[in-house]
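Quick notes on the structure that follows.
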Amino acid sequence: SIPVGKKVFTYYDEEDMSPAVVTMGGNTQAGDVVMFNDNDVRVPAISKDMFIQWRDIQASREDAPNLLDRYALNAAKKVAEEEDKIMITGEYTGFGCYNIQGLATKTGRLPITGGSWPTNAQRDINLGRAALEAAGFYDEPILISRPTIAKYLDTFVTGTATTFRQAFLAEDGILADIMETTSLFTAAGLTNNALLVVPDPAYLYYVEGQPPTTTWWYDKDGNAHGKVREVIAPVIAHAECVCEITGILPG
1 SIPVGKKVFT YYDEEDMSPA VVTMGGNTQA GDVVMFNDND VRVPAISKDM
51 FIQWRDIQAS REDAPNLLDR YALNAAKKVA EEEDKIMITG EYTGFGCYNI
101 QGLATKTGRL PITGGSWPTN AQRDINLGRA ALEAAGFYDE PILISRPTIA
151 KYLDTFVTGT ATTFRQAFLA EDGILADIME TTSLFTAAGL TNNALLVVPD
201 PAYLYYVEGQ PPTTTWWYDK DGNAHGKVRE VIAPVIAHAE CVCEITGILP
251 G
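Position 96 of the sequence shown, counted from 1, bears residue number 96 in full-length UniProt numbering, the numbering being contiguous throughout.
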């Protein structure tokens with residue numbers, strides 16, 4: 001966590017050393033260093049305001065539902081939706097968030113051009129896995145996609161009673177998990193992409209200045225004014241633990 005008043009957080013992108021040398025005598029070589037490049041990310045406040053007229057408050061105290069609770073829950077949902085966009089995609093065409101980069105817009109993420117799914121899904125995912133492994137990330141990745149794309153994987157593999165989803169998530173499958181979200185977009189605001197992510201907490205985390213917090217106050221007439229607010233931003237310290245598959249089509 002960070003102080004709620006801190007508007008900019010500095011983190012460090014990590015660059016790998018050069019390759020090790022192979023010798024018979026373990027020859028001394030020039031000392032190498034890991035490069036840590038400092039980067040700043042803005043930490044915004046996500047908020048939703050509420051208003052309840054005093055007579056409606058009184059009525060809700062006499063009959064369900066409790067409007068104070070219901071309003072707060074609905075506002076928290078709206079805050080969470082914007083948080084997901086920031087964390088998963090970041091700023092994209094049609095959604096501004098102070099140039100914050102999420103998983104789908106992080107500079108240096110690995111690119112793969114996809115094809116028709118489910119026909120080419122295994123090929124595309126394996127190309128992405130190979131790119132991640134070449135960058136040093138060997139764990140099974142999580143697939144993040146919009147529900148419309150994930151549902152392509154519920155098609156049965158030809159000649160079997162097994163879906164692509166079941167095959168990919170099997171004990172000896174190629175994915176650790178499949179996460180569906182409507183908050184994933186390309187940088188251009190398109191909805192034809194998916195992400196392969198190796199969720200290493202050393203490289204993927206968030207900074208939080210304030211968890212979702214609800215505040216109520218009343219004016220002189222007894223009307224309720226409320227706000228749900230969260231202060232949070234994503235940190236992606238190694239872009240190559242993310243691979244974006246673009247251009248996915250049904251088929």
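Heads up, the beta-carbon is just placed ideally off N, CA and C, and yes, glycines get one too.
**Asked** Per DSSP, glycine 226 is paired with what?
**Response** One-based indexing of the sequence shown puts residue 226 at position 226. In the DSSP output, where bridge partners are listed per residue, glycine 226 has Met50, Trp216.
**Request:** Count the other C-beta atoms from every protein chain shown that fall within 10 angstroms of the C-beta of histidine 238, then say buried if there are 16 or more, exposed otherwise.
**Result:** Against the sequence shown, residue 238 aligns to sequence position 238. Buried is the call here.
**Item:** Sequence ranges, beta strand (DSSP E) only - wholly within the region 31 to 103, length at least 3
**Value:** Runs of the beta strand (DSSP E) inside the region 31 to 103: 35 to 42, 45 to 52.
**Request:** Starting from the N-terminal side, write out each stretch of the beta strand (DSSP E) that is 3 residues or longer and does not extend beyond the region 138 to 205.
**Result:** As summarised for the region 138 to 205, the continuous beta strand (DSSP E) elements at least 3 residues long and confined to that stretch are 142 to 145, 177 to 180, 194 to 197, given in chain order.
**Asked** Does the distance from the C-beta atom of isoleucine 144 to that of arginine 165 stay below 8 Å?
**Response** Here residue 144 refers to the residue found at position 144 of the sequence shown. Here residue 165 refers to the residue found at position 165 of the sequence shown. The answer is no: Cβ separation not under 8 Å.
**Request:** Below 8 Å CB to CB, which residues in the same chain sit around tyrosine 206 once its five sequence neighbours on both sides are set aside?
**Result:** Within the sequence shown, the letter at position 206 stands for residue 206. Met87, Ile232, Ala233, Pro234, Val235, listed in sequence order.
**Asked** Where do the ends of the beta strand (DSSP E) carrying aspartate 16 lie?
**Response** One-based indexing of the sequence shown puts residue 16 at position 16. Careful: aspartate 16 lies outside any beta strand (DSSP E) and carries neither H nor E.
**Asked** For isoleucine 125, which three-state DSSP category applies?
**Response** Walking along the sequence shown from the start, residue 125 turns up at place 125. Reduced to three states, the DSSP call for isoleucine 125 is helix.
**Asked** In three-state terms, what does DSSP make of alanine 237?
**Response** One-based indexing of the sequence shown puts residue 237 at position 237. Alanine 237 carries a coil assignment under DSSP once its states are collapsed to helix, strand and coil.
**Request:** Pull up the CB-CB distance for serine 18 and valine 228, whole angstroms please, since I reckon it's below 8 Å.
**Result:** The residue you call residue 18 lines up with position 18 of the sequence shown. The residue you call residue 228 lines up with position 228 of the sequence shown. At roughly 49 Å, the Cβ-Cβ gap does not stay under 8 Å, so serine 18 and valine 228 are not in contact.
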